[in-house]
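Before any comments, here is the structure.
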Amino acid sequence: MTIEYRPRGVCSQKMTLEVERGVIRSLRVEGGCNGNLQGLARLVEGMEVEEVIRRLDGIKCGFKSTSCPDQLAQALKKAREA
Numbered sequence: 087m088t089i090e091y092r093p094r095g096v097c098s099q100k101m102t103l104e105v106e107r108g109v110i111r112s113l114r115v116e117g118g119c120n121g122n123l124q125g126l127a128r129l130v131e132g133m134e135v136e137e138v139i140r141r142l143d144g145i146k147c148g149f150k151s152t153s154c155p156d157q158l159a160q161a162l163k164k165a166r167e168a
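Numbering (the working numbering), first residue to last: 87 to 168.
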C-alpha cells in the first residue's frame, strides 16, 4: 500500500511511504532537513508500523508542537484508521 501524506507544522512538504503487511518498506520525504530525513527513512525501513508510531509519536522540533518524526507517526495512524 502506498501512503501519501502532507505534513503540517513542519518544514517537510510531502511523505510517501510503501507499507506491506504492516511493515514499512520505504519512506521518501520532500522538503525539510535532507540529511536528517534520509536518516529517518533508513531507520524506519523494515520496522513494523506500530513500532514506528510508538517510538515517534509526540516528538517535538524546537518550539514547534510537532516534528517530521511526529508527522510520520500521524500519517501512519491516519492510514491505520482508514
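Idealized CB from N, CA, C, for every residue including glycine.
Beta-bridge partners of residue i, as assigned by DSSP
| i | result |
| --- | --- |
| LYS100 | GLU116 |
| VAL105 | ILE110 |
Nearest-angstrom Cβ-Cβ length linking residue i and residue j, presumed shorter than 8 Å
| i | j | result |
| --- | --- | --- |
| ASP156 | GLY144 | 6 Å |
| ALA161 | ILE89 | 6 Å |
Whether residue i touches residue j by CB criterion (8 Å)
| i | j | result |
| --- | --- | --- |
| THR102 | ARG114 | yes |
| LEU123 | CYS154 | yes |
| ARG166 | VAL135 | yes |
| ILE139 | LYS164 | no |
| VAL96 | LYS150 | yes |
| GLY125 | SER98 | no |
| ALA159 | LEU142 | yes |
> Which runs of the beta strand (DSSP E) fall wholly inside the stretch 120 to 166 and span at least 3 residues, in chain order?
Replying inline: none
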